[in-house]
Amino acid sequence: MTGSDFTVLPRHVAVIMDGNGRWAKRRGLSRSEGHIEGAKTFRRIGEYAGDLGIKHITFYAFSTENWARPQPEVEAIMHLFGDYLNEAYDRLEENRAKGIRLRFIGDRNGISGELCALMDTLEGLTADMDKVNLNIAINYGAQQEITRAAQSIAADVKAGLLSPEEITKDTITARLYTGEQPPVDLMIRPSGEQRISNFLLWQSAYAEFWYSDVLWPDFTERDFDEALKAYEKRNRRFGGI
Ligand code: FPP
């Protein structure tokens, strides 16, 4: 498919990359091997979304709750994330030619200094790109994100820079990791689960949800097309009639 095969494209798509563990278990493999396949799907779908003309896409790679997983699994995911960062750095010119801006949303505390430095570098080197905004959520939790925004607003009120009456929806939106980016139009969750799992709670206030039983490593461009086709048919009312 190409972007013109759709009458309307979501401005912002969010993807919960779920089902890596079950995919691996069904094959008698380790959970980490499921994440290796999941990381390949992430690259494929990220690229495809950009080719279709999706302007903003956010992938959920690691949540603030995922630290509770066994240490080898946490290390495997961080390792895969590091591989991706190094690859993005090596392919910087290619990514820039496609106009890809990379951003990493989430709490940097707890992430290794080496990965943080790479994230900062990639964000800086792609900051002037505006064709595709690719967000990767790492050590991300929406409740933590909203709490952080509230703390920053409270600090400004305390310092006399802002009065409580001046706090609007936009004040909060601007202090989230996603800042000025548009709200989520379409939330995709494969693997049969139908939960939001602390992902982009504020930004998804009026998002359309699309679920599929396909496990993330098996998720294809055709599945992504199917989600976009379903979105095209939704009648979005934003609380109106
Ligand atoms: C959820 O599936 C998946 C994760 C918690 C990790 C997602 C990480 C990757 C796809 C790879 C690293 C990311 C990048 C950006 C290179 P699950 O493990 O909960 O699956 P299950 O529900 O079947 O156990």
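First residue of the sequence shown? That's 0 in numbering that gives the first Met the number 0, and the numbers climb one at a time after it. Where is the CB? At the ideal position from N, CA and C, for every residue including glycine.
Distance cut-off 7 Å: residue i Cβ against heavy atoms of the ligand FPP
i, result
"residue 16", "yes"
"residue 176", "no"
"residue 103", "no"
"residue 37", "yes"
"residue 140", "no"
"residue 190", "yes"
"residue 34", "yes"
"residue 61", "yes"
"residue 27", "no"
"residue 133", "no"
"residue 52", "no"
"residue 20", "yes"
"residue 41", "yes"
"residue 251", "This structure cannot speak to residue 251, because the chain is shown only from 0 to 240."
"residue 121", "no"
"residue 65", "yes"
Closer than 8 Å to chain D by CB, residue i
i, result
"residue 54", "The structure shown contains no chain D; it is built from a single protein chain."
Residue i, DSSP secondary structure in three states
i, result
"residue 248", "As shown, the chain starts at 0 and ends at 240. That puts residue 248 outside it, with no answer to give."
"residue 136", "strand"
"residue 111", "coil"
"residue 48", "helix"
"residue 53", "coil"
"residue 13", "strand"
"residue 62", "strand"
Straight-line Cα distance separating residue j from residue i
i, j, result
"residue 202", "residue 56", "12 Å"
"residue 14", "residue 34", "15 Å"
"residue 37", "residue 162", "46 Å"
"residue 193", "residue 24", "21 Å"
"residue 97", "residue 67", "37 Å"
"residue 224", "residue 160", "47 Å"
"residue 166", "residue 106", "24 Å"
"residue 178", "residue 129", "15 Å"
"residue 59", "residue 216", "14 Å"
"residue 137", "residue 79", "12 Å"
"residue 42", "residue 199", "21 Å"
"residue 209", "residue 126", "30 Å"
"residue 100", "residue 212", "31 Å"
"residue 11", "residue 171", "19 Å"
"residue 187", "residue 109", "27 Å"
"residue 131", "residue 238", "29 Å"
"residue 81", "residue 134", "15 Å"
Every unbroken beta strand (DSSP E) within the segment 171-239, with a cutoff of 3 residues, ordered by chain: Every beta strand (DSSP E) of 3 residues or more that sits fully in the segment 171-239 is shown, in chain order, as 185-188, 207-210.
Contact between the segment 144-164 and the segment 70-78 (3+ Cβ pairs under 8 Å): Between the segment 144-164 and the segment 70-78, the count of C-beta pairs closer than 8 Å stays below three; the two stretches do not touch.
Minimum length 4: unbroken alpha helix (DSSP H) runs contained in the segment 72-121: Complete alpha helix (DSSP H) runs here, min 4: 91-96.
Any 3 or more C-beta pairs closer than 8 Å across the segment 81-96 and the segment 114-122: Yes, since at least three Cβ pairs between the segment 81-96 and the segment 114-122 fall closer than 8 Å, the two stretches touch.
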